[in-house]
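Visitor: My questions will all concern the structure given below.
Protein chains in written order, with our numbering: chain A, 1 to 114; chain B, 1001 to 1113.
Next up, the structure:
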């Protein structure tokens, strides 16, 4: 059974600081996704990582994937309050085509303090 | 122009009742899903349908029965509701091509009293 572990689960950081969220998974996959969820809201797709060495950046967030280490990272640069949310990584073990089977990590609750 | 819409947004009911949640997507996607998010925010897949065909049926009590009348709709019916069914249920859809992640609805918060 695929296990997806995120750490830390809780992250409180100051504005302007940098930090990294880690996502480890137990079974070979080269399809990993990061989502953001604001309180009481839906999940918003942030990054799609589809191959070893993939790196994607959007604003102050950068995600990478190392399929050999079964590790993805979400790096936050110069955090701002608007980044406060819960961040989930998810690994796909679906059968292909449009049939995804995402297993989610437990989420990292990020709080950015002024 | 909501992409994945669920109704109702909130559902409060008593134990033993039967309830349904409806989901519709206007993205033209082939596959739809139900995910359950528990009180600790853990998300777990329940079902997926591709073009009205059941693809994934995780270990879910058979009190939960999904129904897909067409590829744009996936409803979830729950019989004999229990306290442990209280959660947020998210509908999602996806299209072929791994560049396309799941698109989630806004969720239905089910509270069983």
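Even for Gly, the Cβ is constructed at its ideal location relative to N, Cα and C.
Who are the near neighbours of residue 1039 (chain B) in its chain, counting only those whose CB is closer than 8 angstroms to its CB and skipping five residues on each side?
Guide: Same-chain partners within the cutoff: 1086 and 1087.
Visitor: Pick out whichever of A:12, A:1, A:71 and A:18 has its Cα sitting closest to the Cα of residue 85 (chain A).
Guide: For the residues A:12, A:1, A:71 and A:18, the minimum Cα distance to residue 85 (chain A) belongs to A:12.
Visitor: Label residue 1010 (chain B) either buried or exposed according to how many other C-beta atoms from any shown protein chain fall within 10 Å of its C-beta, with 16 as the threshold for buried.
Guide: Looking at its Cβ environment, which holds fewer than 16 other Cβ atoms inside 10 Å, residue 1010 (chain B) is exposed.
Visitor: Does residue 30 (chain A) come out as helix, strand or coil in the three-state DSSP assignment?
Guide: Coil at residue 30 (chain A), not helix or strand.
Visitor: Could you check whether the Cβ of residue 22 (chain A) sits closer than 8 angstroms to any Cβ belonging to chain B?
Guide: No, no contact with chain B.
Visitor: Roughly how many angstroms lie between the CA atoms of residue 1096 (chain B) and residue 1029 (chain B), to the nearest whole one?
Guide: Rounded to whole angstroms, residue 1096 (chain B) to residue 1029 (chain B) spans 8 angstroms at the Cα level.
Visitor: Should residue 1020 (chain B) be labelled buried (16 or more other beta-carbon atoms within 10 Å of its own) or exposed?
Guide: When all chains shown are included, residue 1020 (chain B) counts as exposed.
Visitor: Compare the C-beta of residue 1140 (chain B) against all C-beta atoms of chain A and say whether one is closer than 8 angstroms.
Guide: Here chain B covers residues 1001 to 1113 and nothing more, so residue 1140 (chain B) does not appear.
Visitor: Answer with yes or no whether the minimum CB distance from residue 106 (chain A) to chain B is below 8 angstroms.
Guide: Yes, contact with chain B.
Visitor: Determine contact between the stretch 16 to 34 of chain A and the stretch 90 to 103 of chain A, defined as no fewer than three beta-carbon pairs at a distance below 8 angstroms.
Guide: Yes, the stretch 16 to 34 of chain A is in contact with the stretch 90 to 103 of chain A.
Visitor: Could you name the residues of chain A that residue 1021 (chain B) contacts, counting a contact when the two beta carbons are closer than 7 angstroms?
Guide: What residue 1021 (chain B) touches in chain A: nothing, since even the nearest Cβ is about 14 angstroms away.
Visitor: Less than 8 angstroms between CB atoms is the rule here; does residue 101 (chain A) satisfy it with respect to chain B?
Guide: Chain B, which has a Cβ nearer than 8 angstroms to the Cβ of residue 101 (chain A), makes this yes.
Visitor: From the DSSP secondary-structure annotation, give me the bridge partner or partners of residue 1077 (chain B).
Guide: Answer by DSSP bridge pairing, in chain order: B:1020 and B:1065.
Visitor: At the level of alpha carbons, what is the spacing between residue 1006 (chain B) and residue 107 (chain A)?
Guide: Going from the Cα of residue 1006 (chain B) to the Cα of residue 107 (chain A) covers about 23 angstroms.
Visitor: Can a CB atom of chain B be found closer than 8 angstroms to the CB of residue 27 (chain A)?
Guide: Answer no: the Cβ-Cβ gap between residue 27 (chain A) and chain B never drops below 8 angstroms.
Visitor: Between residue 1076 (chain B) and the rest of its own chain, which residues show a CB-CB distance below 6 angstroms, the 5 nearest in sequence each way excluded?
Guide: Excluding positions up to five away in sequence, the list reads 1021, 1034 and 1066.
Visitor: Which residues in the same chain have their Cβ closer than 6 angstroms to the Cβ of residue 56 (chain A), if we skip the five residues on either side of it in sequence?
Guide: Around residue 56 (chain A): 47 and 63.
Visitor: Taking the alpha-carbon positions, what's the residue 82 (chain A) to residue 1069 (chain B) distance?
Guide: Between residue 82 (chain A) and residue 1069 (chain B), the C-alpha separation is close to 40 angstroms.
Visitor: Within the 8 angstroms Cβ cut-off, does residue 87 (chain A) reach chain B?
Guide: No, residue 87 (chain A) lies away from the interface with chain B (no Cβ there is under 8 angstroms from its Cβ).
Visitor: Could you check the C-alpha separation between residue 79 (chain A) and residue 1024 (chain B) for me, to the nearest Å?
Guide: Rounded to the nearest angstrom, the two C-alpha atoms are 36 angstroms apart.
Visitor: Is there at least one Cβ from chain B nearer than 8 angstroms to residue 80 (chain A)'s Cβ?
Guide: No, because no Cβ of chain B sits closer than 8 angstroms to the Cβ of residue 80 (chain A).
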